[in-house]
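Contents: one structure, followed by commentary.
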Amino acid sequence: MSNDITASAEAFVTRFADAWAEPTPERLIALVHPDVELIQPFSRNLVGHAQVARWLSRTFAIVPDLRGEVLSWADRDEVLFIEVRLHAVIGRRNVEWVAVDRITLDGDRVRRRVAHFDPVPLIVPIAMSPRTLLRALRPRRR
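Going by our numbering, the first residue of the sequence shown is number 6, and it counts up by one from there.
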């Protein structure tokens with residue numbers, strides 16, 4: 006592993022942490038390549054800026070105070086792993102979960118991201134909050 010790859014990964018992790026500390030769809034979309042592929046629980050696979058932007062807008066409409074904090078990271082063989090603690094208020098419940106993103110970078114942007122997390126802690130708070138549940142179930146605009 007070259008020092009250039011590690012320095013590039015470290016610079017990306019700093020940008021990632023900054024974006025998740027005060028996230029907006031615009032700040033997060035700036036991290037991804039135009040042809041990005043995102044894979045995560047609770048969502049179909051997303052490809053390209055347009056799909057990701059719609060998904061982010063919908064996510065922040067459902068959970069407007071979603072925030073993340075980088076706990077750790079590592080890079081290996083041109084793959085970056087970022088462990089992030091996510092938290093939000095859903096209904097009246099504080100919800101927290103940890104995800105690990107497996108990221109392939111293209112330059113300084115995410116080309117592919119596979120998120121690994123247990124979605125169970127999100128199910129009960131969403132189901133117990135009628136407003137959040139209605140927003141989550143609202144048909145998606147295409």
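Idealized CB from N, CA, C, for every residue including glycine.
- Judged by their CB atoms, ALA24 and ARG72 are not nearer to each other than the 8 Å cut-off.
- DSSP, read as helix, strand or coil, puts GLY73 in strand.
- Taking C-beta separations shorter than 6 Å and ignoring five residues to either side along the sequence, the partners of PRO46 in its chain run PRO124, following chain order.
- Of the other Cβ atoms in all chains shown, fewer than 16 fall within 10 Å of the Cβ of ILE128; this residue is therefore exposed.
- Taking a cut-off of 8 Å on C-beta distances, the segment 96–111 does not touch the segment 55–64, as fewer than three cross pairs fall below it.
- The shortest C-alpha to C-alpha distance from HIS92 to any of GLU101, LEU85, VAL119, VAL75 is the one to GLU101.
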